[in-house]
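Numbering (UniProt numbering), first residue to last: 1 to 317. Glycine residues also receive a C-beta, built at the ideal position from the N, C-alpha and C atoms. It should be emphasised that the depicted structure is a prediction, and the values quoted were computed from it without experimental measurement. Just below is one structure, and these are the notes that go with it.
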Amino acid sequence: MSRQHAFPKNKEVQCDQRRTDGGLNANNEGKTDFYARKRLVVQDKNKYNTPKYRLIVRFSNRDICCQIAYSKIEGDHIVSAAYSHELPKYGIAVGLTNYAAAYCTGLLLARRLLHKFGMDHVYEGQVEVTGDEFNVESVDGQPGAFSCYLDAGLARTSTGNKVFGALKGAVDGGLSIPHSLKRFPGYDAESKEFNADMHRRHILGMNVADYMSYLMEEDEEAYKKQFSRFIKNGVTPDAVEEMYKKAHAAIRANPVHEKKPQKDVTKKRWNRAKLTLAQRKDRVAQKKASFLRAQEQEAGEGLTSAIGWRGSWERFR
1 MSRQHAFPKN
11 KEVQCDQRRT
21 DGGLNANNEG
31 KTDFYARKRL
41 VVQDKNKYNT
51 PKYRLIVRFS
61 NRDICCQIAY
71 SKIEGDHIVS
81 AAYSHELPKY
91 GIAVGLTNYA
101 AAYCTGLLLA
111 RRLLHKFGMD
121 HVYEGQVEVT
131 GDEFNVESVD
141 GQPGAFSCYL
151 DAGLARTSTG
161 NKVFGALKGA
171 VDGGLSIPHS
181 LKRFPGYDAE
191 SKEFNADMHR
201 RHILGMNVAD
211 YMSYLMEEDE
221 EAYKKQFSRF
231 IKNGVTPDAV
241 EEMYKKAHAA
251 IRANPVHEKK
261 PQKDVTKKRW
271 NRAKLTLAQR
281 KDRVAQKKAS
291 FLRAQEQEAG
301 EGLTSAIGWR
311 GSWERFR
């Protein structure tokens with residue numbers, strides 16, 4: 001059969017196939033914006049075999065995921081990753097999904113990535129948090145700054161979104177990411193001015209501390225309900241700023257991911273183990289020997305019964 005006729009199409013239903021074709025499943029399920037992904041993934045044609053890195057930021061109800069990745073034909077390749085559930089190691093036990101936690105997660109990712117490539121001492125970023133504009137520039141005689149692009153996924157990129165907290169953390173950590181001040185907290189769209197101090201307060205969690213103080217005075221029951229984990233961990237409004245400052249210093253001191261020690265697990269078998277060839281041969285030999293012994297025993301019992309029957313017949317005669 002020729003190649004043309006190997007997979008013949010039914011011309012009668014061809015139009016229906018076009019209309020009912022599913023296309024990209026991730027797009028249909030609402031998981032991926034392929035319009036944006038195409039522009040984030042496709043590299044310039046004059047940059048041969050040069051990956052186009054993306055800063056992927058995703059939020060769940062209890063966690064923040066930040067990754068540096070680039071695409072291949074077989075799928076995305078993750079270069080480095082950081083999660084907000086790692087922050088308790090650096091002294092942040094509560095509020096793992098707020099703007100300040102997003103900043104810390106982005107900072108952790110940047111320092112971890114640069115440490116992996118041996119560039120952490122060349123590009124230290126902005127050590128002191130100011131909230132103002134900061135851009136990483138390449139150093140002469142050293143490897144160029146690590147450049148990537150923000151991949152916000154399906155999140156609404158409106159002013160003040162937590163995605164930009166992770167972006168700011170990565171930039172302050174030493175990564176070169178194109179960005180604008182218009183999406184950070186503190187930017188006023190009407191006056192077109194940026195208040196860096198307001199952005200700094202969000203990075204250090206002071207907006208949360210102000211709300212904690214407000215609830216303590218106005219509605220103590222609501223405070224105990226909403227900030228129960230803060231109370232449990234002994235985090236007061238006055239200690240929030242210092243907690244995040246210490247966390248930033250701890251992240252810069254040791255951003256390396258520590259693998260969990262491998263546990264010695266005792267494996268349980270719920271089925272019989274497969275026998276080896278020697279065990280199977282020995283099993284067959286034992287069955288043969290047992291069968292022969294049974295045959296000999298039956299033959300001996302038959303002979304004894306025959307002799308006993310003949311003696312009783314002689315006595316009867």
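Item: Rounding to the nearest angstrom, what Cα-Cα distance links residue 318 and Asn233 in this structure?; Value: Limits of the chain in this structure are 1 at one end and 317 at the other, which puts residue 318 out of reach.
Item: Less than 7 Å between the CB of Arg39 and some heavy atom of the ligand ATP, yes or no?; Value: Because no ligand of any kind appears in the structure shown, any question about the ligand ATP cannot be addressed here.
Item: State whether the region 162-179 contacts the region 125-134, with contact taken as three or more CB pairs (one from each stretch) at a distance under 8 Å.; Value: yes
Item: Closest to His202 by C-alpha separation, out of Tyr244, Ser176, Glu218, would be which residue?; Value: Tyr244
Item: Tell me, which residues are paired with Lys225 by DSSP?; Value: Answer by DSSP bridge pairing: none, since Lys225 is not bridged.
Item: Tell me the rounded alpha-carbon separation between Glu296 and Gln279.; Value: 26 Å
Item: How big is the Cα-Cα spacing for Ala249 and Cys104?; Value: 10 Å
Item: Compare the Cα-Cα distances from Asp63 to each of Lys288, Gly106, Asn195, Ala253 and report the closest residue.; Value: Gly106
Item: Who are the Cβ neighbours of Pro255 in its own chain at under 7 Å, not counting the five residues just before and after it?; Value: Leu108, Arg111, Arg112, His115
Item: Any chance the region 152-167 sits against the region 52-61, with 3 or more Cβ pairs inside 8 Å?; Value: yes
Item: Counting C-beta neighbours from all protein chains within 10 Å, is the total for Gln262 16 or more, i.e. buried, or is it exposed?; Value: exposed
Item: With DSSP as the reference, please indicate the residues paired to Val57 in a beta bridge.; Value: Cys66
Item: What residue range is occupied by the uninterrupted alpha helix (DSSP H) comprising Asp76?; Value: No alpha helix (DSSP H) contains Asp76, which is instead part of the beta strand (DSSP E) from 75-83.
Item: Terminal residues of the continuous alpha helix (DSSP H) containing Tyr149?; Value: Per DSSP, Tyr149 belongs to no alpha helix (DSSP H); it is in the beta strand (DSSP E), 149-151.
Item: Give a yes or no on whether the C-beta atoms belonging to Tyr90 and Ala247 are separated by under 8 Å.; Value: yes
Item: Count the CB pairs spanning the region 213-221 and the region 176-191 that are closer than 8 Å, and state whether there are at least three.; Value: no
Item: If you run the structure through DSSP and keep just helix, strand and coil, what is Tyr187?; Value: strand
Item: Name the DSSP bridge partner or partners of residue 329?; Value: Given a span of 1 to 317 for the chain in the structure shown, any question on residue 329 remains unanswerable.
Item: Excluding five sequence neighbours on each side, which residues of the same chain lie with their C-beta closer than 7 Å to the C-beta of Lys224?; Value: Ile231
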